[in-house]
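This report refers to the structure that appears directly beneath it.
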Amino acid sequence: MRDTSVDAREASSVPRPAPWPATIAEAAQATLASGRGVLIVLPTNRQVDDVVAALKDALPGEPVARLVADDGPARRYRAFLRVLLGDVRVVVGTRAAAFAPVANLGLAVVFDDGDDRLEEPRAPYPHTRQVLALRADLEEAALLVGGFARTVEAQLLVEQGWAHPVQAPRTVVRAAAPRVLAPSDVDLAREGPAAAARIPPPAWEVARSALERGPVLVQVARAGYLPVVACARCREPARCAACHGPLRLDRPGVAPTCSWCGRHATNWHCPTCGHGALRAARVGSSRTAEELGRAFPSVPVVVSGASGSHGVVETVDDRPRVVVATPGAEPTAAGGYAAALILDAAATTSRPELWASAEALRRWFGAAALVRGAADGGTVMLLGRPAPIPAQALVRWDPAGFATRELGERSELAFPPAVRMASLQGSPRAVRSLLDHLDRFEGLELLGPVEAEDGEVRALLRTPRRSGAELARRLAQASAVRSARKEEGSVRIQVDPPDLW
Ligand SMILES: [Zn+2]
Ligand SMILES: [Zn+2]
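Just so it is clear: in the sequence shown, position 379 is 1596 by our numbering, and no numbers are missing.
Shown next, in the form of structure tokens:
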């Protein structure tokens, strides 16, 4: 490994790493050369297409099966058969592809494993990473877990000695990663009253100078115009008179719309103070684009988002433009973005759930990774009061350090994945009877039941990680007893539920 102290000239001569799909294709090539098959699972169709294209470049003439959910059953079945018959040795697909019967599997790959689209929404809720880890064990294959962020679950595989970390030397990371700035409130306060704005003066400066060199990415938390509005006087959130859903504004000058039932709230008045005007409680991508368009009238503004009227834009060229996108919908820029502004950072980090900080960091890395390296002037500015720990991890470009710390904290607090938890939810009677039939064992802890939504209750079972399989087995037995006795009601059982706390 090279020495970590380099001067700027040497750093700029470090070659830019290949894009991640090319790296996966290289690993696939090596596996095929050894005579074994490859299975690659990705969160989105777009990522599947990128990897299929990289495989075509690296392995011309090698047939590749593409298994994605929206291809329809007939097409998927044909692809599945070709894999089963051994006609195709490389499979690339979304979540369900994790079960593809690749003959003589040598390598399984999952990229961006923190994306919740890799979680199976139906019981027994296996995550793609778990399915592939299990297959790698059973079929004696290698498993490659990749991403710009490292999940706490992947870190657990490392700390158990099951997986080895693969990281670029610090010099390469430093040259390839953009410079990241996360100005604190104190830093911004020196700018005067404008510092409190969603886009404060230093951020306008970053955007203005970067637009001379190429496109600028602006990541916003939400799609739409003003996705949440409040009373302009007392700041009470504005709600629908019919269903109490939150009101939003789709365009300037129109009546607000209920986000739940779709009714228009014409002539809205605040039930608390009687005031009739609204203010923005959240600002969406199209309003942000409008503001940026006014500030930079000489460059085009592009909006990309999965929800909302714009749709996802796949790529942009190197010409100066402003690209406003929601997390996960960022177009790639042919030569990298000259800069990125990440707004609304607290929208994710201020959520109470266990996964909030890790998910925020994953979203920020997803945008920051599209920006040119520091040696090429690439700059990222993180704004909107992020929680300090994930913000520092982005500034230092240290996903592994963050994952290590996060896993350490969860071990201390006995949270998954450091322990196994199972959540049991259903009617009070059904949950009670399941708990009665459950054969308890040493080290198993019961929390609750407590009231959940819609008159249901929820109980949590917690056990040391090594007893996870035992807990699953005894829960299955208890369920079998309930169904054999035809006891009424159903209980939803979920292992390591992602929505804890
Ligand atoms: Zn009011
Ligand atoms: Zn409504």
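Here a beta-carbon is modelled for each residue, glycine too, at the ideal position from N, C-alpha and C.
Point to revise | Straight-line Cα distance separating Asn1484 from Glu1662 | key: So the two alpha carbons sit approximately 54 angstroms from each other.
Point to revise | Three or more C-beta pairs below 8 angstroms linking the segment 1480–1499 and the segment 1450–1467 | key: Taking 8 angstroms as the limit for Cβ pairs, the verdict is that the segment 1450–1467 does touch the segment 1480–1499.
Practice item. List in chain order the residues whose CB is within less than 6 angstroms of at least one heavy atom of ligand 2. Key: The set of residues with CB atoms less than 6 angstroms from any heavy atom of ligand 2 reads, in chain order, Cys1457, Ala1459, Cys1460, Gly1462, Cys1475, Trp1477, Cys1478 and Arg1480.
Check your understanding: Considering Ser1515, what are the terminal residues of the beta strand (DSSP E) in which it resides?
Key -> Segment: none, Ser1515 is in no beta strand (DSSP E) and carries neither H nor E.
Point to revise | Per DSSP, the bridge partner or partners of Leu1466 | key: Leu1443, per the DSSP bridge assignment.
Point to revise | Distance between beta carbons of Leu1276 and Leu1259, contact taken as under 8 angstroms | key: Cβ-Cβ separation between Leu1259 and Leu1276: approximately 17 angstroms, too far for a contact (criterion under 8 angstroms).
Exercise for review: Please determine, among Gly1672, Ser1696, Val1362 and Val1390, the residue with the shortest C-alpha to C-alpha distance to Pro1382.
Suggested key: Of the candidates Gly1672, Ser1696, Val1362 and Val1390, Val1362 places its Cα closest to the Cα of Pro1382.
Check your understanding: Hey, is Glu1453 close to ligand 1, as in C-beta under 7 angstroms from one of its heavy atoms?
Key -> Proximity of the beta carbon of Glu1453 to ligand 1 is indicated: a heavy atom of the ligand is located closer than 7 angstroms.
Point to revise | Enclosing alpha helix (DSSP H) for Pro1616 [first to last residue] | key: Counting along the chain, the alpha helix (DSSP H) containing Pro1616 begins and ends at Pro1616 to Leu1630.
Check your understanding: Which residues in the same chain have their Cβ closer than 8 angstroms to the Cβ of Leu1624, if we skip the five residues on either side of it in sequence?
Key -> Apart from the 5 residues on each side of it in sequence, Leu1624 sits with its Cβ closer than 8 angstroms to the Cβ of Val1369, Gln1372, Leu1373, Glu1376, Pro1634 and Ala1635 in its chain, given in chain order.
Practice item. Identify every residue that forms a DSSP beta bridge with Leu1284. Key: Partner(s): Gly1310.
Practice item. Would you check if there are 3 or more beta carbon pairs closer than 8 angstroms linking the segment 1694–1705 to the segment 1665–1682? Key: The segment 1694–1705 is not in contact with the segment 1665–1682.
Practice item. Please check the pair Ala1584 and Ala1557, which I expect to be a contact at CB under 8 angstroms, by giving their CB distance rounded to whole angstroms. Key: A Cβ-Cβ distance of about 5 angstroms is found for the pair Ala1584 and Ala1557, placing them in contact under the 8 angstroms criterion.
Review point. Which parts of the segment 1630–1675 are runs of the beta strand (DSSP E), unbroken and 3 residues or longer, counting only runs that do not cross its ends?
Key: List check, beta strand (DSSP E) in window: 1636–1643 and 1662–1668.
Check your understanding: Under 7 angstroms from any heavy atom of ligand 1, does the C-beta of Arg1450 make it?
Key -> Arg1450 Cβ: within cutoff of ligand 1.
Exercise for review: Would you mind sorting Arg1452 into buried or exposed? The rule is 16 or more other CB atoms within 10 Å of its CB.
Suggested key: With fewer than 16 other Cβ atoms within 10 Å, it is exposed.
Review point. What's the C-alpha gap between Pro1417 and Ser1503?
Key: The straight-line gap from Cα to Cα measures roughly 19 angstroms.
Exercise for review: Please name the residue, chosen from Ala1317, Gln1436 and Leu1335, that lies closest to Ala1562 on a Cα-to-Cα basis.
Suggested key: Closest by alpha carbon: Gln1436.
Review point. Could you give the residue range of the alpha helix (DSSP H) that holds Phe1297?
Key: Taken as a continuous stretch (DSSP letters only), the alpha helix (DSSP H) holding Phe1297 covers Pro1290 to Leu1301.
Review point. Is the distance from the Cβ of Met1638 to the Cβ of Leu1692 below 8 angstroms?
Key: No, these two residues do not count as a Cβ contact at 8 angstroms.
Practice item. Return the first residue and the last residue of the alpha helix (DSSP H) that Thr1543 is part of. Key: No alpha helix (DSSP H) contains Thr1543, which DSSP labels as neither H nor E.
Review point. Can we say the segment 1514–1521 touches the segment 1387–1406, given the rule of at least three CB pairs closer than 8 angstroms?
Key: No: fewer than three Cβ pairs fall under 8 angstroms.
Practice item. Check whether the Cβ atoms of Tyr1554 and Pro1419 sit closer than 8 angstroms, and answer yes or no. Key: No, they are not a contact pair.
Practice item. Find out if the Cβ-Cβ distance for the pair Asp1535, Ala1550 is shorter than 8 angstroms. Key: Contact flag set, yes.
**Study point:** Under the three-state DSSP convention, the category Arg1699 falls into
**Key:** Reduced to three states, the DSSP call for Arg1699 is helix.
Review point. When DSSP labels each residue in this structure, what does Leu1495 get in the three-state scheme?
Key: In the three-state reduction of the DSSP assignment, Leu1495 falls in the strand class.
Point to revise | Given Arg1657 as reference, the closest of Arg1627, Ser1628 and Leu1688 once Cα atoms are compared | key: Distances from the CA of Arg1657 to each of Arg1627, Ser1628 and Leu1688 were compared; the closest alpha carbon is that of Leu1688.
Check your understanding: Any heavy atom of ligand 1 within a distance shorter than 7 angstroms of the CB on His1492?
Key -> Yes, the Cβ of His1492 comes within 7 angstroms of a heavy atom of ligand 1.
Practice item. May I have a chain-ordered list of the beta strand (DSSP E) segments no shorter than 3 residues that lie completely inside the segment 1341–1420? Key: As summarised for the segment 1341–1420, the continuous beta strand (DSSP E) elements at least 3 residues long and confined to that stretch are 1359–1363 and 1396–1398, given in chain order.
Exercise for review: Look up Met1218 in the DSSP assignment and say whether it is helix, strand or coil.
Suggested key: In this predicted model, Met1218 has a pLDDT of only 35, less than 50, meaning its place in the structure is not dependable; the value taken from the coordinates is given anyway. It is coil, neither helix nor strand.
**Study point:** Selected residue, minimal CA-CA separation from Tyr1442, among Arg1579, Glu1508 and Val1268
**Key:** Comparing Cα-Cα distances from Tyr1442 to each of Arg1579, Glu1508 and Val1268, the minimum goes to Glu1508.
Practice item. Less than 8 angstroms between the CB atoms is what I'm expecting for Leu1322 and Arg1352, so what's the real figure, rounded? Key: Contact between Leu1322 and Arg1352 is confirmed by a C-beta separation of about 7 angstroms, below the 8 angstroms threshold.
Point to revise | Leu1560 beta carbon less than 8 angstroms from that of Trp1581 | key: In this structure, Trp1581 lies away from Leu1560, with their beta-carbon atoms at least 8 angstroms apart.
Review point. Looking only at C-alpha atoms, which of Glu1659, Pro1410, Pro1714 and Glu1422 sits nearest to Leu1398?
Key: Measuring C-alpha to C-alpha distances from Leu1398 to each of Glu1659, Pro1410, Pro1714 and Glu1422 identifies Glu1422 as the nearest.
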